[in-house]
Amino acid sequence: MIETGVVVLLLFFSLVVGATLLIKSRQKKRAKANLPQWIRALETACELSKDALVVVDRSRTVLYSNTAAARYIGNGSDGERKKIETLTFNFPEEEKSLGLEQLLHQHRLKRSSEPSIYNDVILGNDEESRVLLEIGTYREEEKGLYYDVLLLRDQSCERKLLQLHHVNPTTGLSNQFKAFGDITKLTAQESRRNRFALMMIELDNASYLRSMLGYAEMDNIITLCANALRELEKNHPLVSVYHLNYVNFMLLIRGPQNQDELYSLFRNFQLSVQETWKMRGKNEALSFSAGISVYPRHGTLYSLLNSAYGALADAQQRGTGQIVVAGESFEQQVDRELQLKSEIERALEDQEFHLYFQPIYDAGDQSLIGAEVLLRWHHPERGIIMPDVFIPVAERSGLIVEIGRYVIARALQHLSHWNTFDLPPLRLSVNLSLRELESPDFISNLTALLYKYDIGRCELKFEITEHTSMINPELTQARLREIRQLGIGIALDDFGTGYSSFAHLVEFSIETLKIDRGFVTDLSENLNHQHIVSTMIKLGHSLGMKVVAEGVESREDVILLRSMGVDYLQGFYFSRPIPKLEFQYLLTHS
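Residues 1232 to 1821 (the numbering used here) are what the sequence shown spells out, left to right.
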């Protein structure tokens, strides 16, 4: 009996549920039949669309929602209405949040048949949920009824793709596209009374480090830089960081108070990288150069970037670890450089460049053994112009090759002339730039000049800097080998300021080391410099090289250097750079 009762009860419930579903199905059919024709057309066309489509009347009753709309408003008429009423949209650019009712009201006030479109808005409080919201109005002419049509398109995937486009794949930092966009927004939105600064940062001697350490280790260094920049950005809310390319990074600093603040950011970054590198047991010196431009002083996007890169180039010209704030606008710098380049070309034609000679003496008997050849520009209006004014422009423009050829020709001409007199053996040292070494016809031109002036062996010496030798060591080594085969000596200038290794000193066939004047000045009063100079001299001698001390300015320095065993002396204590006739007199009255 009990089992029969259970079966009857189950049959009763089944009939009730079936009847309920049938009633609801008929109600839905009747509701659909009562829907306007245009809504039934939407249902046919948009049910499988990936975009969410919702139609509501003025009482917020949801008349239609497609399958994609369920993720935003749920299912069921009561739930849909409740969810519609509580929808909120956040606008990050304008820093405001509006409910759907407010947006619908704004749309109606426009009294336009065109839809209202809101791009890249945040749905609710979910930062990852970004949508395009489009609000339109449809008027049913016959009944005079108005309906609001909402379209929501998921933009999270598009945003992720955009983020990938705006991210450097090596470090995950924002890239140059993101940087350019951020700068453009700031210049468009900021009052000209508000300032921001761009700081371009670049790893010094990157090519040399890569050749010495390899790509894998360079990637580690770049990762270190990225981590240091992230930490800096976290501690300074007004700073944004970017990885523009291989070893080039950028900081965007909003509202900097003064230059000291900018310098402090740079020093903190550099120190962080250096300390982390040392903690890993690495001995290679890492340093960075930086160039800064400021808005509104240096203009908008491209002027700011050009000025910052120009300041970075200026910093790198001054040495390693330097930071420079752009002085004049980039356009002014370009105009000034173009004018100076034109004047250099004219000066070469008019032979306004003159050779000066700074004597070099034997440290033992203090006899005159040669001189370093230096260049001075005798400008017809501005007087004597020093090399640090025109040489950087000549190097960037390529005119340094022509200037170098002129200097070598004049030096050989003077040597040939002095050889006609019965004078002691003399050697002239001429500075050589990387541009000259890279010139494909350098050796052939040099050979022709040696033949023309009939110069014997050991009367000419070329000086290259450590920086020059390390930029392209393979090319440098090949060129220096050809130069040595012509009987010309090689000296390494500014020794102690770069990254020379024992291997390079030997491979480059260096015969003379010139200790940088920075270590020799005030040598008698600086114990640290005394230890460094003494070590350099011993190193040079252990490799079979002669050693020259530059910047000798006192008798005490002479005595101290001689006791250390230096071979040659050069500096103001003996003579400043002097023109040809004065040096010629010195040769004949030494």
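We put the beta carbon where it would ideally sit given N, CA and C, even for glycine.
On a predicted model such as this, the values are computed, not experimentally measured, just so you know.
- V1285 sits buried, since 16 or more C-beta atoms from the chains shown fall within 10 Å of its C-beta.
- Segment contact: the segment 1431–1445 against the segment 1467–1484, three or more CB-CB distances shorter than 8 Å; contact assigned.
- Pairing T1551 with F1320, the inter-Cα distance amounts to about 51 Å.
- A buried status is given to K1692, since no fewer than 16 other beta-carbon atoms sit within 10 Å of its beta-carbon.
- Linking R1384 to V1362 through their CA atoms gives a straight-line distance of about 5 Å.
- Unbroken alpha helix (DSSP H) runs of no fewer than 4 residues, entirely contained in the segment 1662–1728, are found at 1665–1669, 1673–1684, 1697–1702 and 1704–1716, following chain order.
- In the three-state reduction of the DSSP assignment, N1321 falls in the strand class.
- Taking the Cα positions, H1609 is about 31 Å away from D1593.
- The segment 1553–1639 is shown to contain whole beta strand (DSSP E) runs of 3 or more residues at 1554–1556, 1584–1593, 1599–1610 and 1614–1616, in chain order.
- Counting of Cβ neighbours within 10 angstroms places Q1801 among the buried residues, the total reaching 16 or more.
- Judged by DSSP in its simplified three-state form, L1381 adopts strand.
- Rounded to whole angstroms, the separation of the alpha carbons of Q1815 and L1654 is 10 Å.
- Between L1657 and E1690, the C-beta gap is smaller than 8 Å, which places the two residues in contact.
- Fewer than three beta-carbon pairs drawn from the segment 1583–1590 and the segment 1518–1532 are found closer than 8 Å, and the two stretches are therefore not classed as touching.
- Here the segment 1609–1626 makes no contact with the segment 1674–1683; the two share fewer than three CB pairs at distances below 8 Å.
- N1489 is classed as exposed because its beta carbon has fewer than 16 other beta carbons within 10 Å across all chains shown.
- Judged by DSSP secondary structure, E1462 falls within the alpha helix (DSSP H) whose first and last residues are Y1446 to N1466.
- Annotation: P1487 to L1496 spans about 11 Å, alpha carbon to alpha carbon.
- For T1368, the enclosing beta strand (DSSP E) stretches over residues R1361 to E1371.
- In the assembly as shown, H1648 is an exposed residue. Its beta-carbon has fewer than 16 other beta-carbons within 10 Å.
- In the three-state scheme derived from DSSP, where H, G and I count as helix and E and B as strand, G1749 is classed as helix.
- F1726 sits buried, since 16 or more C-beta atoms from the chains shown fall within 10 Å of its C-beta.
- In the DSSP secondary-structure assignment, Y1295 is bridged to V1286.
- The closest CA to that of R1793, considering only R1807, T1678, D1596 and H1760, is found on D1596.
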